[in-house]
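S.K.:
In our numbering, the protein residues as written are 643 to 1039.
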């Protein structure tokens, strides 16, 4: 693995890290790194060794590593505060962790159904020797404790410090999926996480044009082991995906902070309509009771011992849910929106709305998941107001 720690950036801001943390890997004068498309690298005719391009990694074959992948992992390591290993998707990153640790007991909250499916696939290959339990179960030594926070689909948060204390008291491992609260919103390591996972397809990539994942550890030996195992499994991100991710990381803070700010305002607008007839009927011309419930970390009621602001000092994620009166109305609203695209996934610069019941039947069919993009807040509110009003009219026909 290339050297990913540059002491110069220890005291710089996240935005500076994201732009410059791979500068020590420069070997050419271009300001913007080129797309490295080569899969194989020529040996030196002089000593028959592969070139190292100014790093401690000998590049030979893309499955083992590339110059662009080294840049991505350098930036991710610096902004996340650990040692990063990138994968072809977030689910492959989770699968890699499970295959590395081979836990007998997995304790997790029920969030993204894809993660649950990965765990189920792991259990099928370890029938009789592995089991999955909820987070309320007693933690034991060697447990693989997996927390998704904020949690999909409603963006509410869990107390990382609480679960870290429980896990470490019995020598269990705490893995935090922080996909919905990337830097700068949350640093799970500060709260006690041992390993942090991201689906880089979402906010780290941010443009709906890549599939990638990342595992970040405070332990360099774990990162080296995962890197070696990745070369065997082949779950390495492609050359184009790697370059696109590097490009996206440069603007991570700008994008995420704006999305967080807009989401908080949009949540407050929806929440006011859910609890106030005046806000719903007089201010927005929407019958009171149309908006049944809104869920998001910014309006979440938590235990007094949970210091939410300490865990999320710079804001909350840009994902939340809105529950309407009926399944039919929820679908009608989703289809009538113009600025918010009716599509799955999240973390995009475009606002997205998804009817999660279609993918995950355990979710409420009246519920819509909203991923806030970079559009203007007033434009988004106008779009939602028009779509909801239209759904109310059509429901009376």
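By construction, the Cβ of each residue, glycine as well, lies at the ideal position given by its N, Cα and C atoms.
1) In terms of DSSP beta bridges, what is residue 726 paired with?
2) Can you give me the C-alpha to C-alpha distance between residue 934 and residue 963, rounded to a whole angstrom?
3) When you compare only the Cα positions, how much space is there between residue 739 and residue 777?
4) Could you tell me if residue 717 is buried or exposed, where buried requires 16 or more neighbouring beta carbons within 10 angstroms of its beta carbon?
5) Assuming residue 751 contacts residue 781 under a Cβ cut-off of 8 Å, what Cβ separation, rounded to an integer in Å, is found between them?
6) Roughly how far, in whole angstroms, is the beta-carbon of residue 825 from the beta-carbon of residue 951, given that I think they are within contact range, below 8 Å?
7) Drop a sphere of 10 angstroms on the beta-carbon of residue 861, count the other beta-carbons inside from all chains shown, and report buried for 16 or more, exposed for fewer.
8) According to DSSP, which residues form a beta bridge with residue 1011?
9) Which partner residues does residue 932 have in the DSSP bridge list?
10) My output table needs one value for residue 805: the three-state DSSP class, helix, strand or coil.
11) Which word fits residue 746, buried or exposed, when buried means at least 16 other C-beta atoms lie within 10 angstroms of its C-beta?
12) Give me the Cα-Cα distance between residue 797 and residue 1010, rounded to the nearest whole angstrom.
13) Counting Cβ pairs closer than 8 Å, one from the stretch 787 to 796 and one from the stretch 916 to 925, do we hit at least three?
14) Is the Cβ-Cβ distance between residue 907 and residue 1019 less than 8 Å?
15) Measure the alpha-carbon distance for residue 1039 versus residue 1033 and round it to whole angstroms.
16) Count the other CB atoms within 10 Å of the CB of residue 844; is the residue buried (16 or more) or exposed (fewer)?
17) Might you give, ordered along the chain, the residues of its own chain that have their beta carbon closer than 7 Å to the beta carbon of residue 1014, omitting 5 neighbours on each side?
18) Please name the residue in 929, 859, 1000, 805 whose C-alpha comes closest to that of residue 912.
19) Helix, strand or coil: which one does DSSP assign to residue 631?
20) Quick one: grab the DSSP three-state call for residue 926.
21) If you run the structure through DSSP and keep just helix, strand and coil, what is residue 768?
22) In angstroms with no decimal places, state the Cα-to-Cα distance between residue 978 and residue 987.
23) Between residue 1016 and the rest of its own chain, which residues show a CB-CB distance below 7 Å, the 5 nearest in sequence each way excluded?
M.R.: On the basis of the supplied data:
1) For the purposes of this step, residue 726 is taken as the residue at position 84 of the chain shown. In the DSSP output, where bridge partners are listed per residue, residue 726 has 858.
2) Counting from 1 along the chain shown, the entry for residue 934 is found at position 292. Counting from 1 along the chain shown, the entry for residue 963 is found at position 321. Distance between the alpha carbons of residue 934 and residue 963: 11 Å.
3) Taking the chain shown and counting its residues from 1, one reaches residue 739 at position 97. Taking the chain shown and counting its residues from 1, one reaches residue 777 at position 135. Each residue's Cα considered, the two are about 19 Å apart.
4) Counting from one through the chain shown, the residue named residue 717 turns up at place 75. Around the beta carbon of residue 717, 16 or more other beta carbons lie within 10 angstroms, which makes this residue buried.
5) Here residue 751 refers to the residue found at position 109 of the chain shown. Here residue 781 refers to the residue found at position 139 of the chain shown. In fact, because the Cβ distance is near 14 Å, the residues do not count as touching under 8 Å.
6) For the purposes of this step, residue 825 is identified with residue 183 of the chain shown, where counting begins at 1. For the purposes of this step, residue 951 is identified with residue 309 of the chain shown, where counting begins at 1. That pair is no contact at about 17 Å.
7) Numbered from its first residue, the chain shown carries residue 861 at position 219. Sixteen is the threshold: since fewer than 16 other Cβ atoms of the shown chains lie within 10 Å of the Cβ of residue 861, the residue is exposed.
8) To locate residue 1011, count along the chain shown from 1; it is residue 369. Residue pairing by DSSP puts residue 1011 in a beta bridge opposite 963, 996.
9) Sequence index remark: in the chain shown, residue 932 carries index 290 (1-based). Residue 932 has no beta-bridge partner at all, per DSSP.
10) Locating residue 805 in the chain shown gives position 163, where the first residue counts as 1. Looking at residue 805 - three-state DSSP - the assignment turns out to be helix.
11) On the chain shown, residue 746 is found 104 positions in, with the first residue counted as 1. Label assigned to residue 746: exposed.
12) One-based indexing of the chain shown puts residue 797 at position 155. One-based indexing of the chain shown puts residue 1010 at position 368. Between the alpha carbons of residue 797 and residue 1010 lies a distance of about 12 Å.
13) The stretch 787 to 796 makes no contact with the stretch 916 to 925: fewer than 3 CB pairs, one atom from each, lie closer than 8 Å.
14) Against the chain shown, residue 907 aligns to sequence position 265. Against the chain shown, residue 1019 aligns to sequence position 377. Judged by their CB atoms, residue 907 and residue 1019 are nearer to each other than the 8 Å cut-off.
15) The residue given as residue 1039 occupies position 397 in the chain shown. The residue given as residue 1033 occupies position 391 in the chain shown. Residue confidence is low: residue 1039 scores 44 on pLDDT, short of 50, so the model does not pin down where it sits. Its coordinate-derived value is still stated next. Inter-residue distance for residue 1039 and residue 1033 is about 10 Å (C-alpha atoms, whole angstroms).
16) Locating residue 844 in the chain shown gives position 202, where the first residue counts as 1. Label assigned to residue 844: buried.
17) Reading the chain shown from its first residue, position 372 is the one you call residue 1014. Residues 901, 904, 905, 908, 960, 993 of the same chain have their beta carbon placed closer than 7 Å to that of residue 1014, with the five preceding and five following residues left out of the count.
18) Start at 1 with the first residue of the chain shown, and residue 912 comes out as number 270. Nearest option by C-alpha distance: 929.
19) Residue 631 falls outside the range modelled here, since the chain spans only 643 to 1039, and no answer is possible.
20) Translated into positions along the chain shown, residue 926 becomes position 284. In the three-state scheme derived from DSSP, where H, G and I count as helix and E and B as strand, residue 926 is classed as coil.
21) Here residue 768 corresponds to residue number 126 of the chain shown, with the count starting at 1. It is coil, neither helix nor strand.
22) What you label residue 978 is simply residue 336 of the chain shown in a count that begins at 1. What you label residue 987 is simply residue 345 of the chain shown in a count that begins at 1. Those two C-alpha atoms are separated by around 19 Å.
23) Counting from 1 along the chain shown, the entry for residue 1016 is found at position 374. Excluding sequence neighbours, residue 1016 sits near 897, 900, 901, 991.
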